[in-house]
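Chemist: Going by the numbering used here, the sequence shown opens with residue 1, and the numbers climb by one from there. Ideal placement from N, C-alpha and C gives every residue a C-beta, glycine not left out. Structure incoming, see below.
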Amino acid sequence: FDEGCQCPTCRNYSRSYVRHLIKAKESLGMRLAVTHNLYFYNKLTERIRDSLDNGCFDAFREEYSKKLAEKI
């Protein structure tokens with residue numbers, strides 16, 4: 001989960017609470033994780049589409065690849 005994420009999960013629940021739910025095998029934990037992941041991929045797809053429409057996909061891909069490499 002990301003601090004800057006605006007999905008319903010990140011806005012309403014702490015990372016530690018979601019982790020607790022997942023560790024306790026509570027179904028709400030997985031539900032919240034799925035909600036976050038769907039939001040993330042929908043936003044990413046939207047940004048990819050926008051960069052394609054604006055003719056700057058190569059720049060977007062380069063920038064985003066650097067961000068992904070930092071988190072690994």
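#1: Have a look at Tyr13 and Gly29 and give me their C-alpha separation to the nearest angstrom.
#2: Can you list, in chain order, the residues of its chain whose CB lies under 8 Å from that of Phe57, leaving out five sequence neighbours each side?
#3: Out of Ala33, Pro8 and Arg11, which has the shortest C-alpha to C-alpha gap to His20?
#4: Given Asn37, which residues of its chain have a CB within under 8 Å of its CB, disregarding the five upstream and five downstream residues?
#5: Three-state secondary structure (DSSP) at Ala24?
#6: Return the residue from the list Glu46, Arg11 and Ser16 that minimises the CA-CA distance to Thr35.
Modeler: With the given structure in hand:
#1: Distance between the alpha carbons of Tyr13 and Gly29 is about 10 Å.
#2: Ile48 and Ser51
#3: Ala33
#4: There are no such residues.
#5: coil
#6: Of the listed residues, the one whose Cα sits closest to Thr35 is Arg11.
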